[in-house]
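Start counting the sequence shown at 3; every next residue gets the next number (the working numbering).
Let me begin by presenting the structure, written as structure tokens, before commenting on it.
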Amino acid sequence: MASASLPPSVAAFLENLKLQAQRHSVLAPVLALALARFVYHRRRGHLDQLRVQRALSRRLAVEFDHSTHDAAVSPSPIAAPAEEWDVVAEDGTQAQSVAYYPMERTEGDKVLVLIVPGNPGVPFYYLPLMQELVRKHGRRHEVRCLSHTGHFMPWKNNGRAFTLEEQLEHKAFYVTQRLREDPTLQLVVIGHSIGSYFVLDIARRFPQRIAKLVLMQPTIMHMALSPKGKQMMPLFNHYERGVALVGVVEYLVPPSLRRWVVRRVVGAKTSETLQLASLSLVNSSVMRNVLGMAANEMKDVMELDHELLQQFEDKTLFVYSTIDEWVPAEFVQEYQVRFPNAQHRVVPQAHAFMMETNGTRDMAAHISQWVGEVLDRKQVREIDATAA
Numbered sequence: 003m004a005s006a007s008l009p010p011s012v013a014a015f016l017e018n019l020k021l022q023a024q025r026h027s028v029l030a031p032v033l034a035l036a037l038a039r040f041v042y043h044r045r046r047g048h049l050d051q052l053r054v055q056r057a058l059s060r061r062l063a064v065e066f067d068h069s070t071h072d073a074a075v076s077p078s079p080i081a082a083p084a085e086e087w088d089v090v091a092e093d094g095t096q097a098q099s100v101a102y103y104p105m106e107r108t109e110g111d112k113v114l115v116l117i118v119p120g121n122p123g124v125p126f127y128y129l130p131l132m133q134e135l136v137r138k139h140g141r142r143h144e145v146r147c148l149s150h151t152g153h154f155m156p157w158k159n160n161g162r163a164f165t166l167e168e169q170l171e172h173k174a175f176y177v178t179q180r181l182r183e184d185p186t187l188q189l190v191v192i193g194h195s196i197g198s199y200f201v202l203d204i205a206r207r208f209p210q211r212i213a214k215l216v217l218m219q220p221t222i223m224h225m226a227l228s229p230k231g232k233q234m235m236p237l238f239n240h241y242e243r244g245v246a247l248v249g250v251v252e253y254l255v256p257p258s259l260r261r262w263v264v265r266r267v268v269g270a271k272t273s274e275t276l277q278l279a280s281l282s283l284v285n286s287s288v289m290r291n292v293l294g295m296a297a298n299e300m301k302d303v304m305e306l307d308h309e310l311l312q313q314f315e316d317k318t319l320f321v322y323s324t325i326d327e328w329v330p331a332e333f334v335q336e337y338q339v340r341f342p343n344a345q346h347r348v349v350p351q352a353h354a355f356m357m358e359t360n361g362t363r364d365m366a367a368h369i370s371q372w373v374g375e376v377l378d379r380k381q382v383r384e385i386d387a388t389a390a
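The following block contains the structure:
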């Protein structure tokens with residue numbers, strides 16, 4: 003009865019272990035020890051992820067607590083966001099999200115500002131951007147960042163690996179559910195890197211609900227031909243090797259040392275929230291999803307959907323970096339020439355803007371100016387009247 007509830011791979015492993023123990027009684031203790039080690043390591047991985055999640059939650063509580071007397075912490079003028087797990091598929095698959103719910107009444111239809119992350123798809127990387135938008139526009143509309151499934155606390159979905167296509171379906175499922183709850187909901191969809199590819203997919207599926215689109219450093223065509231794509235292709239073609247390497251680190255390196263290494267890699271001046279988000283990636287199941295999705299991106303993100311972008315050209319803001327090996331200058335020039343009626347802006351930071359000094363501030367300034375037209379009550383009513 004107990005084995006019926008186990009995953010097929012684990013059940014098969016246990017059955018094989020039983021047969022080996024019967025045939026080779028001398029090996030039974032060794033096999034039992036190996037099984038115990040396997041179970042312990044699997045459990046430790048879950049606990050490590052849970053510790054990171056709890057550390058992030060504590061960090062948010064401290065950061066947003068105005069009663070704190072810690073001089074090193076500058077509390078935010080807005081309340082802490084909600085941390086949730088959303089069902090994103092009929093089979094019950096879940097994805098994490100971080101959300102600011104509206105606290106002020108608004109006239110007209112509601113607006114959902116949905117942020118789709120890049121890869122890795124951990125929402126906490128985009129929390130500073132969410133804070134800037136809420137600080138600028140108030141708590142009149144919901145602002146949410148929805149993770150890529152399996153990129154954070156993968157045991158929520160039994161450690162499953164998800165393809166790029168499945169991730170696209172998850173976002174569409176979520177938006178569909180939100181529109182069933184409120185068919186008049188207006189969408190402001192913001193994507194970073196491969197998240198911009200998701201943004202265009204959402205626009206394709208729900209064209210009547212789109213108010214504004216923001217494509218931050220968009221990887222929406224020929225990713226494999228970009229300088230970074232060419233450089234990373236060997237890893238993506240054999241990404242299981244990278245997964246195995248992370249598994250070795252996870253097995254041999256204690257959490258305290260991992261945290262020290264992450265701090266050195268991302269920079270000591272980087273906020274603790276971003277450091278913890280990076281630490282959560284040191285997990286073989288997470289890395290299988292991250293690298294597996296990246297491998298899909300190299301194969302699937304090919305020709306630019308010119309007609310789709312042209313349809314939403316006057317609602318779209320492109321934001322580029324001065325130097326970006328994922329979105330090189332020739333790609334930027336093509337977007338600017340092909341879509342002159344869209345808005346085009348440049349930030350001085352690199353592709354991972356949130357990890358750099360003033361990166362989020364500069365990015366948020368451009369986005370806030372663009373989406374502010376929609377988040378303003380009067381403009382919302384005008385857009386809704388046009389859509390009707």
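Glycine residues also receive a C-beta, built at the ideal position from the N, C-alpha and C atoms.
Since the model is a prediction, treat every value here as computed from it, not as a measurement.
Of the residues F341, A297, Q335 and N285, the one whose Cα lies closest to the Cα of F314 is F341.
In this structure, DSSP gives F320 an extended state, which the three-state scheme calls strand. Within its own chain, the residues whose Cβ lies closer than 8 Å to the Cβ of R206, once the five positions on either side in sequence are excluded, are D307 and L310, listed in chain order. Of all C-beta pairs linking the segment 333-353 to the segment 240-258, fewer than three are shorter than 8 Å, placing the two stretches out of contact. Between S149 and S228, the C-beta gap is not smaller than 8 Å, which leaves the two residues out of contact.
Shown here for P119: same chain residues with a beta carbon closer than 7 Å to its own, the five before and five after excluded, namely P125, Y127, Y128, C147, S149, H150, H194 and G197 in chain order.
In the three-state DSSP reduction, M295 falls in the helix class (H, G or I). The residue among E106, I117, H172 and L21 with its C-alpha nearest the C-alpha of Q96 is H172.
Per DSSP, I117 is one residue of the beta strand (DSSP E) stretching across V113 to V118.
V373: not part of any beta strand (DSSP E); member of the alpha helix (DSSP H) spanning G361 to L377, first to last residue. Exclusion of the five residues before and after V329 leaves Q219, P220, T221, S228, Y322, S323 and H353 as the residues of its chain whose Cβ lies within less than 8 Å of its Cβ. Between F164 and S282, the gap from beta carbon to beta carbon reaches 8 Å or more. With respect to the 8 Å criterion, G231 and M300 are classified as neighbours on the basis of their beta carbons. A distance below 8 Å between beta-carbons, with the five flanking residues on each side excluded, links S286 to the following residues of its chain, in chain order: G47, V245, A246, V248, G249 and E252. In the DSSP assignment, A101 falls within the beta strand (DSSP E) that extends over Q96 to Y102.
Straight across, the Cα-Cα distance linking V115 with V292 is about 24 Å. Of the other Cβ atoms in all chains shown, fewer than 16 fall within 10 Å of the Cβ of N160; this residue is therefore exposed. In the DSSP annotation of this structure, E305 is not part of any beta strand (DSSP E), being labelled neither H nor E.
Beta-bridge analysis with DSSP links V89 to Q96. Separation of Q133 and H368 (C-alpha to C-alpha, rounded to the nearest whole angstrom) is 15 Å. Per DSSP, K214 lies in no alpha helix (DSSP H); the unbroken beta strand (DSSP E) holding it starts and ends at I212 to M218. Secondary structure at I204: helix, using DSSP grouped into helix, strand and coil.
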